[in-house]
Ligand code: URA
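Residue numbers (my numbering): 3 to 299.
See below:
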């Protein structure tokens, strides 16, 4: 017989699930009763997400292999409420612009990690075509981006614009975002927990935009998106199959995308000799997307 849900408990469960959602956990499943000992054992729901909880607990994981799964359990009372309230709020919205706005509103005046109190002026959400086939993901905003509220508007941004132009397209035709949305003080590399806290919002952006290809700019973006640690040499030169961790797109036809890794434009400014290598990466992306470079290249 189905049990009715006490309104207090329902509110508490909804709050708990929102908490998991904010950590990037969206998938919940029921642990079969037969697995549990004792007659009074209440059914439980288990939420699972690769890496995040283990990472937060300080587990460095194995260098090249996906991190261990982490699971959390909680009591379940009604069968399908989890499927309803565990969905990302933008899931029922078909217009990607509106869906991105919902994610931005959800982010609010974010205080989820320490970056909010380390001098950030504003959150740098992302910019570009909400239906872009091609997405670029950098590391985190610098001083110029923090000032303007837009990713890649400083010197590295100028170079990224040139790289996009060399592919025969305009900046407005792609979507550009970062792993962390707040400027790390002194442009330091974002900490792993800051990446883990912020990246669920990026995953939701990706699931809304549904790109065909993501280009990870630099090691921080590559390692966070791929949940693996390796050198740029090892990471570049091939495509990865990418699905946003813990998130479902509202389009069943979108089953993830390809991900390529290239050098961060700021690195290329420091070592311009690597530009040729970066161009090879972009040509690989262009072939995948059926794009032709403008004549003269
Ligand atoms: N570097 C990044 O990684 N992102 C920006 O938005 C600017 C510089």
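Backbone N, C-alpha and C define an ideal beta-carbon position, used for all residues, glycine too.
Keep in mind that this is a model prediction, so the values were computed, not measured.
Check: Have a look at 276, 122, 198 and flag the residue whose alpha-carbon is nearest the alpha-carbon of residue 111.; Outcome: 122
Check: What residue from 126, 281, 173, 218 has the CA that sits closest to residue 263's CA?; Outcome: 218
Check: Tell me where the alpha helix (DSSP H) around residue 164 begins and ends.; Outcome: 157 to 168
Check: Under the DSSP definition of a beta bridge, which residues are partnered with residue 179?; Outcome: 139
Check: Would you report the Cα separation of residue 292 and residue 163, rounded to the nearest angstrom?; Outcome: 20 Å
Check: According to DSSP, is residue 119 part of a helix, a strand, or is it coil?; Outcome: helix
Check: Candidates 132, 147, 207, 150: which alpha carbon is nearest residue 249's?; Outcome: 207
Check: Just to confirm, does residue 188 get its C-beta within under 7 Å of one of the non-hydrogen atoms of the ligand URA?; Outcome: no
Check: Find the nearest neighbour of residue 239 within the set 284, 252, 254, judged by alpha-carbon distance.; Outcome: 284
Check: Taking the C-alpha atoms as reference points, what is the distance between residue 157 and residue 228?; Outcome: 27 Å
Check: DSSP three-state call for residue 46: helix, strand or coil?; Outcome: With a pLDDT of 40 at residue 46, under the threshold of 50, the modelled position of that residue is not reliable, and no figure is offered here.
Check: Please determine, among 280, 220, 181, 224, the residue with the shortest C-alpha to C-alpha distance to residue 117.; Outcome: 181
Check: Return helix, strand or coil for residue 210, following the three-state DSSP convention.; Outcome: helix
Check: Short check: CB of residue 189 to CB of residue 144, under 8 Å?; Outcome: yes
Check: If the criterion is Cβ atoms closer than 8 Å, does the pair residue 155 and residue 147 meet it?; Outcome: yes
Check: Is there at least one non-hydrogen atom of the ligand URA closer than 7 Å to the beta-carbon of residue 180?; Outcome: yes
Check: Judging by CA-CA distance, which residue of 253, 120, 22 is the nearest neighbour of residue 95?; Outcome: 253
Check: Which residues, in chain order, sit with a beta-carbon under 7 Å away from any heavy atom of the ligand URA?; Outcome: 126, 140, 141, 142, 143, 144, 147, 153, 154, 156, 158, 159, 180, 219, 220, 266, 268
Check: Among the residues of its own chain, which have a CB less than 8 Å from the CB of residue 86, if the five just before and after it don't count?; Outcome: Caution applies to residue 86, whose pLDDT of 43 falls short of 50 and renders its modelled position unreliable; the model cannot decide the point.
Check: Could you check which residue in 174, 22, 204 has the C-alpha nearest to that of residue 103?; Outcome: 204
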